[in-house]
């Protein structure tokens, strides 16, 4: 059987660019952060991204939900979810420590305007 070689086609969207684009720091806000979707899918997927391709410096996750958690309690819940549902096991503690450093949690009822004011303040603080 003849051996095939793979030739990468040039990316037309990069034509004319002289420098590689880098990913800017950002904050992902997860509304309903204590729910099943977050724990089974979102947090493990974000951890896997961090494991396979380092996330940009300054990347943060803000969980927003009704349950009363501290930042540390939410991080612990996230670690338990990643241990249970990540496709990469066991958890790489060096990657986890870096990933967890960007995790915050804000408790609020979704109908309270004060919660969104606190979220705005937190996002502004993370942006500076």
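In this note's numbering, the protein residues as written are -4 to 123. All residues carry an ideal CB built from backbone N, CA and C; glycine is no exception.
query                                                                                                    : result
Inter-stretch contact at 8 Å, needing at least 3 Cβ pairs: the stretch 104 to 119 / the stretch 37 to 44 : no
Residue-level contact to chain D via CB, residue 67, 7 Å cutoff                                          : Protein chain content of the structure displayed is limited to a single chain, and chain D is not contained in it.
Three-state secondary structure (DSSP) of residue 28                                                     : coil
Strand pairing of residue 55, partner residues [DSSP]                                                    : 22
Buried or exposed by the 16-neighbour rule on C-beta atoms within 10 Å, applied to residue 108           : exposed
Beta-carbon proximity check, residue 22 vs residue 101, cutoff 7 Å                                       : no
Residue 58 versus residue 50: straight-line alpha-carbon distance, rounded                               : 18 Å
Residues that residue 101 bridges to, as DSSP identifies them                                            : 59
The alpha helix (DSSP H) enclosing residue 45, as first and last residue numbers                         : 38 to 47
Contacting residues, own chain, Cβ-Cβ under 6 Å from residue 95 (five flanking each side not counted)    : 70
Cβ shell of residue 34 (< 6 Å), same chain only, five flanking positions each side left out              : 76
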